[in-house]
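If you read the protein sequences in the order shown, they are chains A and B. Here the first sequence is numbered in the working numbering, starting from 1 and rising by one per residue. Here the second sequence is numbered in the working numbering, starting from 1001 and rising by one per residue. Glycine is no exception: its CB is placed at the ideal position from the N, C-alpha and C atoms.
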Amino acid sequence: MLKVSLGMSVREFTTVVREHVGGRMKSKFAVIFAAMLIPLSLLSIALSENLNNLLVFYDQIGLIFILAPCIGCAYFLNKANGQHWQETFLALGVPLSLIAAYQSAIVL
Amino acid sequence: MLLVVLYGGVIGAMGYPALHRKQSSKKKHANKRFIVISLVLVLSATYLNMRLLIGMNNIGIPILDFFDISLFLIFGLLISSFLLMNRKERHWSVVVSDAALYASIITVVLALIYWFMAIGADPDSSMILDPILYASQSMYLGSIIYVITYIASLGADTDDRIDVGKMNWHLIEANAFLLYSCFCATIDWRVYKFIEWELCARRNNRGLNS
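The structure is reproduced here in structure tokens:
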């Protein structure tokens, strides 16, 4: 039970909330939500900077090329040895993006 | 090109909590079938993207033009020498990924040296694009080798794993180095010309005075 009173200082309040929420943060939904905050923050930056032309940040082929192998590998590697999807995303995100980027650079 | 790197960075950042976590692998012996499927998935996505880019840009280059024979030689030699030097201390996957990274960085630096020489000789020549193409092919090959090695290493029964955080950092570093060097030199070319002209004038003055 979360015990919060009006007489608490900010420090006490944050300590109580952290202790209360800390245990729940390990749940899958909390982890996915925390991970989703990163693209959402980027989207908010894009919206604030370039509201009229959001499409300049959109590259359909690049997005599909990065997401499809990442999600597929996250699924299959989890089946293979129980690897968490975050480990797969961390390991494959950057090199796959470089592969796609240099493919387009070579073609250009 | 830069947008794709941004997407990759975001996806990598989504996996950031895994960086300071212990290996989550629960099974002692990995199911190799799924690892092969993952490898096929990544390689077929790479191949499809190549075909798509060629089709979209209406150019008739063969797939082999994405690679350079000399790069295979350099990468092969470096990986072989690293394996010979470290085969007892480290797992092969760590050694191969490190060697691919070193080979990428070395060839990028070599290409940039050649690029600066070419741009100094004739800034309007189409030859100045060749070193950039070579450096791009090098980073491309290095990234492919790293991805294949990483996925293949998950099937091995060892505790000596690739440090993905370090590898990501170095890959981004090499990429930023290449991009920055190319763009920076192109933008500031007039400044370089001016410096060269100044130095020549001072040298001539010194010659006249003495």
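Buried versus exposed, by CB contacts within 10 Å (16 or more), residue i
i, result
"A:I45", "exposed"
"B:Q1137", "buried"
"B:Y1146", "buried"
"A:A34", "exposed"
"A:L40", "exposed"
"B:L1073", "exposed"
"B:V1040", "exposed"
"A:M13", "Before going on, a small fix: residue 13 of chain A reads as Phe here, not Met. By the neighbour-count rule (16 or more Cβ atoms within 10 Å), A:F13 is not buried but exposed."
"B:I1061", "exposed"
"A:G62", "buried"
"B:D1098", "buried"
"B:N1049", "buried"
"A:G93", "buried"
"B:G1076", "exposed"
"B:T1158", "exposed"
"A:T15", "exposed"
"A:Y58", "exposed"
"B:A1176", "exposed"
"B:M1167", "buried"
"A:I66", "buried"
Listed by chain order, chain B residues near residue i by CB distance under 7 Å
i, result
"A:L55", "Those do not exist, as A:L55 stays about 11 Å from chain B at its closest Cβ, beyond 7 Å."
Proximal residues of chain A, C-beta to C-beta of residue i below 7 Å
i, result
"B:Y1146", "P95"
"B:A1013", "I38"
"B:I1119", "None at all; the shortest Cβ gap to chain A is about 18 Å."
"B:F1177", "Simply none; closest approach about 13 Å."
"B:S1136", "Y102, A105 and I106"
"B:M1085", "The contacting residues do not exist; B:M1085 stays about 24 Å from chain A at best."
"B:L1052", "I61"
"B:Y1150", "A91"
"B:I1113", "Near B:I1113 there are no residues of chain A at all, since even the closest Cβ is about 19 Å away, more than 7 Å."
Interface residues of chain B facing residue i [CB-CB closer than 9 Å]
i, result
"A:L42", "L1006 and V1010"
Chain-ordered neighbours of residue i on chain B, where CB pairs are closer than 8 Å
i, result
"A:A46", "Within chain B, no residue comes near A:A46; the closest Cβ sits about 10 Å away, beyond 8 Å."
"A:F89", "I1011, G1012, M1014, G1015 and A1018"
"A:F76", "F1034, I1035, I1037, S1038 and L1041"
9 Å Cβ cut-off: residues of chain A touching residue i
i, result
"B:T1046", "F65, P69, L96, I99, A100 and Q103"
"B:P1131", "Correct list: empty, because the minimum Cβ distance to chain A is about 13 Å."
"B:A1003", "Sequence check: residue 1003 of chain B is Leu here, not Ala. Neighbours of B:L1003 on chain A, chain order: V56, F57, Y58, D59, G62, L63 and A101."
"B:F1066", "Y102, Q103, I106 and V107"
Heavy atom of the ligand NAD within 7 Å of residue i beta-carbon
i, result
"B:R1161", "With respect to the ligand NAD, the structure offers nothing, as it holds no ligand at all."
Contacts of residue i in chain A (Cβ-Cβ under 8 Å)
i, result
"B:N1031", "K79, A80 and N81"
"B:N1058", "Per Cβ cutoff of 8 Å: no residues; B:N1058 is ~10 Å from chain A at best."
"B:S1093", "None at all; the shortest Cβ gap to chain A is about 12 Å."
- prompt: Which whole runs of the alpha helix (DSSP H) in the segment 1087-1144 of chain B are 4 residues long or more, in chain order?
  reply: 1092-1121
task: Determine, using beta-carbon pairs with one atom in the segment 81-96 of chain A and one in the segment 1006-1015 of chain B, whether at least three such pairs fall under 8 Å.
output: yes
- request: For the segment 46-85 of chain A, list the alpha helix (DSSP H) runs that are entirely contained and at least 4 residues long, ordered along the chain.
  value: 60-81
message: Can you confirm whether the segment 1149-1164 of chain B touches the segment 1081-1101 of chain B when touching is taken to mean that 3 or more C-beta pairs between the two stretches lie within less than 8 Å?
response: yes
query: Pairing CB atoms from the segment 1083-1090 of chain B with CB atoms from the segment 1144-1158 of chain B, are three or more of them under 8 Å?
result: no
field: Validate contact between the segment 1052-1063 of chain B and the segment 1107-1115 of chain B using beta carbons, cut 8 Å, 3 pairs
entry: no
- request: Decide yes or no for the touch test of the segment 1003-1012 of chain B against the segment 1063-1077 of chain B: beta carbon pairs closer than 8 Å, at least 3 of them.
  value: no
message: At 4 residues or longer, what runs of the alpha helix (DSSP H) sit wholly inside the segment 1024-1082 of chain B?
response: 1032-1056
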